[in-house]
Each structure stands twice: as structure tokens, then as C-alpha cells.
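In the numbering used here, the protein residues as written are -11 to 237.
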């Protein structure tokens, strides 16, 4: 039976994060080179971003390239960086037209210079856009992010800018690469894998998870809406009990 229940736009997650997995397997199933899967994956990313903006989601984070992905064969990494550069160049005007602000999190110093420069230009040129934020996790690893934040925090304590007793969750979050963003409400992972893969470990403490066997290049608008409908069935209690939320309501 098809799910015909309408999407409740007033119950959408504020921030959706997606682990886009399965490009390589999609290509292998079709006896195509891996790059074909990555190219198709870019098409899906474009489609899902447009849908998210259309229905009113305010932040979408795409796990584009992990810190661990640098260990892949050099040829594939070079192709991925080239595809990323091309995507940014092609989407530049479209992002501005759709009023979408681009952000990026990760150890961006590791990016090839040309890719880094294009990324920074698009970030700068979309800085005033307000309808939605598209956040790309590039060269991103959550453990690396946390260690980086700890080092910055230690330095501020040494400099006397912060007292150790003032450190709390809110303060620590301001040292993370995601300091400009709310924590994700909903994390989607494609291709059926049940793991976070070093993605938003701190920020996902109370996120709802959705795992689908659909490979990312096949993850369409229909599948995205289906996932959001599933999210809307969840009861998010943040450690409280259902009755407490009913009393508030």
C-alpha cells in the first residue's frame, strides 16, 4: 500500500543531514566506472537541495567527502575534487537565484587550491542569502573537528579568555565547525549501512536516524519525502517522557 499521507509542513525538521552513500556500488551494479556513480550522485544532490528549499527546510548538510576519503586511490580523489569544483561553478548562480547560502565544514586546508578558491568564492557570494543554508561537509571528520575544538578551547583558557568552570556544552559547541548551525534534527543514510562514519558525532546526540537501502544515485524526491513523513511520526522527547510534552502542549 502506498503512503498517501500528506507531508505536514509545520512539522518539518529544521536541519536535515544526509550521508550520501552508495555511488560506487550503484556504478558497479551497472558495470560502469565509479565516476559515473559520483556524477549521478551530484544530480541527486541537486534534486534533494531543490526539494528541501521548496518545502521549507532551513538547513541541509550533505556529507560530501570525509576526512577518511583522502585514503582512496589518488585518481579517484582527483576526480572527486574536480567534480566538486565543477558542481560549485555550475551551481553558483542557481544558489543565488534560489536564495540559498552555502557553507562548508571540514579541514578545508587539505583541498586542492583551485577547488578551495572556488568554494570560498561561492561561500562569499551567497553570504547574504537567507531562505536556506546548504552546508557541505568536505574533508570532514567529526573526531578531527572535536580535537580541533579542544585545542582552540585550551588556547583560550591559556590566554585567560575563558575560565575552566565556564566551559559547558553550549560554549564548547561554539568551537566546532558547525558553530553557525543548529544541531541536525534528522540524519538520513542511504545504501543500508548502519553507522555514522565519523559524521557529526557531537551534534547528532538527539537526532532522529533514517536508514534506507536505496543507493544515493537512486534516492529521489519521492524517497526524500517518504523519509520526512517517517520523521514526522517520531516522538522527540530529549530525555523527558511523553506525558511531559503533552502537559506543555
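Just so you know, even glycine gets a beta-carbon here, dropped at the ideal spot from N, CA and C. Bear in mind that the values here come from a model prediction, so they are computed numbers and not experimental data.
By the Cβ test, the region 0 to 7 is in contact with the region 159 to 175, since at least three Cβ pairs between them sit closer than 8 Å. Here residue 8 carries a coil assignment [DSSP, helix/strand/coil].
Residue 108 and residue 58 have their C-alpha atoms some 20 Å from each other.
Here the region 128 to 143 lies against the region 46 to 66, with 3 or more beta-carbon pairs under 8 Å apart. Under a 10 Å Cβ-count criterion, residue 135 is classified as exposed, with fewer than 16 other Cβ atoms of the shown protein chains found around its own Cβ. Apart from the 5 residues on each side of it in sequence, residue 196 sits with its Cβ closer than 8 Å to the Cβ of 1, 173, 174, 175, 219, 222 and 224 in its chain, given in chain order.
Secondary structure of residue 127 (DSSP, three-state): strand.
Separation of the CB atoms of residue 151 and residue 106 is rounded to 41 Å, and the pair is thereby denied contact status at 8 Å. Taking the Cα positions, residue -1 is about 40 Å away from residue 64. Where residue 198 is concerned, the enclosing beta strand (DSSP E) starts and stops at 196 to 199.
Look at residue 224 here: in three-state DSSP terms it is coil, with no helix or strand label. About 5 Å separates the beta carbons of residue 90 and residue 111, which is inside the 8 Å limit, making them a contact pair.
Out of 204, 98, 48 and 95, the CA that lies nearest to the CA of residue 121 is found in 48. Three or more Cβ pairs drawn from the region 195 to 209 and the region 9 to 20 lie within less than 8 Å of each other, which places the two stretches in contact. Closest by C-alpha distance to residue 126, out of 94, 153 and 25, is 94. Annotated as distal: residue 210 and residue 39, with beta-carbon spacing of 7 Å or more. With 16 or more other Cβ atoms from the protein chains shown falling within 10 Å of its own Cβ, residue 177 counts as buried.
Measuring C-alpha to C-alpha distances from residue 84 to each of 181, 119 and 146 identifies 119 as the nearest.
Apart from the 5 residues on each side of it in sequence, residue -4 sits with its Cβ closer than 7 Å to the Cβ of 220 in its chain, given in chain order. Annotation: the continuous beta strand (DSSP E) that includes residue 177 extends over 174 to 177.
Taken through DSSP and simplified to helix, strand or coil, residue 119 comes out as coil.
The beta carbons of residue 73 and residue 102 sit about 6 Å from each other, so the pair counts as a contact at 8 Å.
Under DSSP, residue 91 shares a beta bridge with 123.
When the alpha-carbon of residue 158 is set against those of 191, 145 and 183, the nearest one is in 191. Straight-line spacing of the CA atoms in residue 148 and residue 117 works out to 36 Å.
Contact between residue 141 and residue 155 holds: CB atoms are separated by about 7 Å, below the 8 Å threshold.
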